[in-house]
Amino acid sequence: MHYFVNQLAPWLDLYDTESYFATIVPQRARTCPPLLNAIFTTSAKHLSRVKMYHARGQSKYDGKIIANLTAETAIHYHNHCIEHLISLPESLPEIEKENLLAAAIILRFYEEVDAPSIAEDMENAVSGIQVFLNIHTMSTSPDSGNLHAAYWVILRQEALTAFAKQRPFRIPLGPCLSYRSFEPADDFVWTNRLVIHLADVLQFCFGVNEKLSTAAQQRLSPQKTTSESSTANTDMSLSERLARYDKLVAFGTYWEEHKPPSFVPIYARDPDCLRGEVFPEIWFLGSCHAVGIQHLELARILLTVYNPKVVRLGLNRQATLLSIDHEVKTIVLRLCGIATTHRSVVPALLTACIAIAMCGDRFTDHSQQEALLSILVELEEEHAWPTKATQIQLKDVWGWKDG
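Note that our numbering has the sequence shown beginning at 15, numbered continuously upward.
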């Protein structure tokens with residue numbers, strides 16, 4: 015529990031001023047076995063994989079020896095958690111629904127840590143539980159206390175997963191309706207707006223999971239909503255797609271012209287190639303600014319690659335493809351620059367690694383390849399996130415002799 019509160023909850027409470035997962039969730043876990051076992055599952059798995067906590071056959075964290083910690087420990091707690099979830103009655107008090115939603119979010123975190131690689135499809139029963147709980151508990155605005163914190167974690171998890179797996183976005187965006195504006199707000203709201211923008215772009219590129227979206231939209235908002243979920247799908251006509259694309263691009267343009275001053279880097283510097291630097295140095299005031307801009311950059315990658323106006327045939331095709339590659343690589347380097355400048359913000363490193371996994375094949379310069387690979391290695395060795403398979407795949411694509 016101590017490990018979860020200090021090491022893992024900050025990933026989930028990234029820009030939550032109330033620190034829901036670090037403060038309220040552990041207290042709730044005292045009386046909610048599924049939530050308690052979800053915490054123990056994730057902590058055991060993550061702790062067992064971080065090398066710095068293991069030496070001479072012992073596992074130790076914060077000066078305390080943890081006896082009998084093995085790879086099977088997480089499975090033990092996970093099985094207990096699933097047993098509790100299966101035995102739950104259909105009708106539950108609201109507070110229990112909140113607890114189970116938190117458990118599902120934590121288990122999804124565990125599932126990501128347990129995956130063979132960043133883009134591996136490991137979304138099984140846990141993901142189904144998460145979606146079910148989301149539909150049944152988010153019948154009101156996410157501005158209502160604990161559901162507010164849980165909803166935004168779900169949305170952020172889903173956005174990064176959908177990007178990494180290039181699949182439809184599965185979480186209903188009805189509760190985001192009040193966030194769709196450029197009205198003055200605090201920085202955390204602005205960051206959420208950037209996450210919503212990435213979700214909208216994902217829906218444009220990969221469509222919506224129709225099995226979920228129709229039922230969820232009706233459940234969340236009985237009246238027909240104007241959210242992007244209800245309009246974005248792969249069956250749009252060309253003129254509709256072009257109009258939708260222009261609207262998404264316009265968001266980025268408007269953002270650059272009207273973004274809050276706090277989202278302007280406090281310092282930025284291009285890499286010094288003579289000193290072997292590859293990534294720019296980009297400092298933001300806080301983690302919410304860094305991660306918010308990273309979501310905007312992921313959206314820019316998608317809008318560049320999935321531009322419906324791109325020339326598919328003709329003499330300009332090759333030049334267009336080279337231009338797209340250049341733009342995508344520039345964005346990836348910026349994402350990595352943000353991550354390496356804010357190394358204490360581990361989710362920023364993860365976001366950069368997802369971009370590397372999806373776009374790393376476009377890099378041909380060896381020094382850039384080495385720099386990208388070093389971020390994957392750092393996330394694996396220091397933060398227990400699975401990147402080894404991605405490292406091997408990239409080396410193979412790059413034609414590295416050592417594999």
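Every residue, glycine too, gets a C-beta built ideally from N, C-alpha and C. Predicted model, so just to flag it, every value in this text is computed and none were measured.
Which residues DSSP lists as bridging residue i, in chain order
i, result
"S504", "Nothing about residue 504 can be read from this structure; the chain reaches only from 15 to 417."
"E295", "R283"
"S195", "Answer is none; S195 lacks a bridge partner."
Residue i - DSSP class collapsed to helix/strand/coil
i, result
"R258", "helix"
"H68", "strand"
"S57", "helix"
"I79", "strand"
"K74", "strand"
"A129", "coil"
"N113", "helix"
"A163", "helix"
"T45", "coil"
"L106", "coil"
"S33", "coil"
"G188", "helix"
"W414", "coil"
"K402", "helix"
"K409", "helix"
"S266", "Looking at the sequence itself, residue 266 is Gly, so the reference to Ser does not match. Correct three-state label for G266: helix."
"T84", "coil"
"D201", "helix"
"L27", "One detail in the question is off: residue 27 reads as Asp in this sequence, not Leu. Correct three-state label for D27: coil."
"L329", "coil"
"G469", "Nothing about residue 469 can be reported from this structure: the residues present for the chain run from 15 to 417 only."
"N9", "Nothing can be reported for residue 9: it is not among the residues displayed for the chain, which extend from 15 to 417."
"S101", "coil"
"V278", "coil"
"A230", "Bear in mind that the predicted position of A230 carries a pLDDT of just 35, short of 50, making it too unreliable to give a figure here."
Own chain residues within Cβ distance below 6 Å of residue i, not counting five before or after
i, result
"D375", "V411"
"A117", "P48, L49, A52"
"Q407", "none"
"H397", "V360"
"V33", "Checking the displayed sequence, the identity of residue 33 turns out to be Ser instead of Val. Closer than 6 Å at Cβ, skipping near neighbours: D27."
"L386", "I370, G374"
"F35", "A23, L26, D27"
"L147", "Note on L147: pLDDT 47, under 50, position unreliable in the model; no value is reported."
"H92", "T55"
"Y259", "P322"
Close beta carbons around residue i, own chain, < 7 Å, minus the five adjacent residues each side
i, result
"I38", "N160"
"L299", "S276, I280"
"A304", "F298, I352, H356, V359, A362"
"Q382", "V292"
"P274", "D201, W204"
"K402", "E394"
"L102", "none"
"P285", "E291, V292, F293, P294"
"T378", "none"
"V64", "A398"
"T318", "I338, E341, V342"
"R181", "F220"
"F265", "H211"
"R331", "V325"
Residues of its chain near residue i, where Cβ-Cβ distance is below 8 Å and the 5 sequence neighbours each way are ignored
i, result
"L349", "Q308, E311, L312, T365, A366, A369"
"V324", "T334, I338"
"A257", "none"
"Y75", "H16, Y17, L61, Y67"
"I79", "Q72, S73"
"R44", "L50"
"H98", "P47, P48, N51"
Q.
Assess contact between the region 355 to 374 and the region 169 to 179, defined as three or more Cβ pairs (one per stretch) separated by less than 8 Å. Is contact present?
A. With three or more CB-CB distances shorter than 8 Å, the region 355 to 374 counts as touching the region 169 to 179.
Q. Is the region 198 to 214 close to the region 302 to 321, with three or more CB pairs under 8 Å?
A. Here the region 198 to 214 makes contact with the region 302 to 321; the two share three or more CB pairs at distances below 8 Å.
Q. Which residue spans inside the region 339 to 381 form an unbroken alpha helix (DSSP H) run of at least 4?
A. Whole alpha helix (DSSP H) segments, 4+ residues: 360 to 373.
Q.
Using 8 Å as the cut-off, can you tell me whether the region 323 to 343 makes contact with the region 383 to 398, which would need three or more C-beta pairs spanning the two stretches below that distance?
A. Contact annotation: the region 323 to 343 does not touch the region 383 to 398, with fewer than three C-beta pairs closer than 8 Å.
(Q) Closer than 8 Å is the cut-off here; do at least three beta carbon pairs connect the region 179 to 192 with the region 210 to 220? (A) Yes, since at least three Cβ pairs between the region 179 to 192 and the region 210 to 220 fall closer than 8 Å, the two stretches touch.
Q.
Check whether the region 111 to 129 and the region 19 to 33 touch, using three or more Cβ-Cβ pairs below 8 Å as the test.
A. With the cut-off at 8 Å, the region 111 to 129 and the region 19 to 33 touch.
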